[in-house]
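Under the working numbering, residues -18 to 405 are what the sequence shown spells out, in order.
Just so it is clear, CB atoms sit at the ideal spot from N, CA and C, and this is done for glycine as well.
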Amino acid sequence: MDAEYNWWGCADGPGNTDCDSVSGNVDYDPWLKASKDAAPVRENGEPTGLVNTASPTLSLNTDRPATCKYSESAGADYDSMTEFATTGGTSHSVELSNLAEGEHTYYVKCKSNIDGEPVNSDDYVISFTVDLTSPQITDRSPGINAVGVDATTNITVTFSEDVICSEEDWSNCITLSDGGPVSGSASYADATDTLTFDPVDPLASNTVYTVTLSGITDLAGNSLSGTTSWTFTTATYYSIAITTGWNLISVPTVPVDTSIDAVLGDAKDKIDAVWTYDAVDDKWYVYHPNNPETSNLDTMTAGYGYWISATGDANIEGYGSLFTEGQTPPQRQLVGGWNLIGYYQKDGVDSIRVNYALSTLADDYCDPTKKWWTSLVGYDNTGKSFTTKSWSDNMNPGEAFWIFMKSSAITYMYGPGESSESCK
């Protein structure tokens, strides 16, 4: 190399005597000129933002070989600072340890390894926050083991902090299954930290579903903790056919909305009147869709029988369940003599024998001699005639009956019966 023009790395360039007045055939440090005027340039400090470890690596680079030191105090003297474990080149690092959660700030100064160089007079600041706390689920709907869930519901999950899906698409971080995957779309609202799964179609009636969350972390990378997979059971769908004239029916489960208008739905246009009888009060209650001011019946629910006068054929449809979170399961008092009752349909049960359906009205539901009633009379809504049920006949969803209780000295409590036929 021509010594006269050997100014590689010199900040002032050719024409400066410190750069081009050098001896030939001599090795020179390329940073010689820069080191005389300026301390090392520091860059690429890490970590930044959030970290999820108490032992992060503090690191930075310099534009020339240097020895770097750090302190937790701003403006510290270079000689009093702590030297990086790895330093002397252009990459400098040290593994910190036992850091508490919260914000941490470190101040770095470096000194070039060329004799006579200045030390950084200013602090190079590396600031980050340690977050070791895993995100939690603060609310979920439907809840764990919830029953009677509306089949048109969305799945919502609210978190304790902002979270992300490591699988990029939120549909990969939440799944809904009833033995097979349920199609739907997933979305996340940053403002409320809430994840929503919206099924494409209404869920199946009286079915157990499993929600599973995976690949969810907070912004620091801490994985979601707690119960990340749970089940719920949808409400039971019912469809009760009524025909022109009188019909005797029951609502097999407690409807999602028990108001009489909601229960009757579109069928209300084909109905003149709905009657029910409460033997405890010895009183009839009535609802006239076209004359609500003459009505004293405003709800319909499970366990009661209803006489409906219809002007045409229709179907009463809806969803419901006998057991719902935060609500007392249905039950009602019966007294001696005639009572008007409906069949309680339990989750997972369709038709069941009379002795199991009315197990709460017997000392021993496997022994017909120990039942507390004598007669069970239903009604054929198509043939418009009364029918009689025996101990071994089946009760079906939507059916209602006159039942005669034996003793007027006893108040009976009627509730949902057995879920399976267990008598030998």
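Sequence-distant residues of the same chain with beta carbon closer than 6 angstroms to T257, five excluded per side: Y266, Y285, Y287
Is the separation between the beta-carbon of L357 and that of K327 shorter than 9 angstroms? no
Does the stretch 112 to 120 come close enough to the stretch 46 to 59 that 3 or more CB-CB pairs lie under 8 angstroms? no
State yes or no: is the C-beta of S195 within less than 9 angstroms of the C-beta of T215? no
Per-residue DSSP class, three states only, for L229: strand
Distance between beta carbons of M376 and Y324, contact taken as under 8 angstroms: 5 angstroms
Between E24 and F109, what straight-line distance do the alpha-carbon atoms span, to the nearest angstrom? 16 angstroms
Taking the Cβ atom as the reference point for each residue, do F178 and V192 lie within a distance shorter than 9 angstroms? yes
Cα-Cα, which of Y393, A338, M386, F367 is closest to D374? A338
In the structure shown, what three-state DSSP assignment does Y346 receive? coil
Suppose only complete runs of 3+ residues qualify. What are the beta strand (DSSP E) ranges in the stretch 210 to 260, listed by chain order? 210 to 215, 217 to 223, 226 to 230, 252 to 259
Alpha-carbon to alpha-carbon, D159 and T208: 19 angstroms
N336 - containing alpha helix (DSSP H), residue span: 335 to 338
In the DSSP output, what is Q314 paired with across the bridge? M394
Can you list, in chain order, the residues of its chain whose CB lies under 8 angstroms from that of G246, leaving out five sequence neighbours each side? I297, E298, G299
Counting C-beta neighbours from all protein chains within 10 Å, is the total for M394 16 or more, i.e. buried, or is it exposed? exposed
To the nearest angstrom, how far is it from the Cα of T212 to the Cα of S400? 20 angstroms
How many Å lie between E53 and G69 at the Cα? 21 angstroms
Using DSSP with H/G/I as helix, E/B as strand and the rest coil, what is A15? Because A15 sits at a pLDDT of 47, beneath the cut-off of 50, its placement in the model cannot be relied upon, and the point is left open.
Using three-state DSSP, classify W265 as helix, strand or coil. strand
Hey, is the stretch 77 to 86 in contact with the stretch 26 to 39, meaning 3+ C-beta pairs nearer than 8 angstroms? yes
Three-way DSSP call (helix, strand, coil) for D331 in this model: coil
G161: buried (16+ other C-beta within 10 angstroms of its C-beta) or exposed? exposed
If you follow the beta strand (DSSP E) that T48 is part of, which residue opens it and which one closes it? 47 to 52
Just to confirm, is the Cβ distance from T368 to A291 under 9 angstroms? no
State whether the stretch 165 to 182 contacts the stretch 141 to 152, with contact taken as three or more CB pairs (one from each stretch) at a distance under 8 angstroms. yes
Pull the bridge partners of I437 from the DSSP assignment, please. Within the shown structure, residues of the chain are numbered from -18 to 405, placing residue 437 beyond reach of any answer.
So, with DSSP's three-state summary, where would you put E274? helix
C404 classed as buried or exposed, judged by whether at least 16 other C-beta atoms fall within 10 angstroms: exposed
I think G318 touches S389, with their Cβ atoms under 8 angstroms apart; what is that distance to the nearest whole Å? 6 angstroms
I need the straight-line Cα distance from T139 to D131, nearest angstrom please. 19 angstroms
Compute the Euclidean distance between the alpha carbons of A81 and Y169, then round it to the nearest angstrom. 30 angstroms
Of the residues V89, R313, N271, which one's Cα is nearest the Cα of T63? V89
Quick one: grab the DSSP three-state call for W354. strand
In the DSSP assignment, find the beta strand (DSSP E) that holds S122 and state where it starts and stops. 118 to 122
Thinking C-beta only, is G202 closer than 9 angstroms to N33? yes
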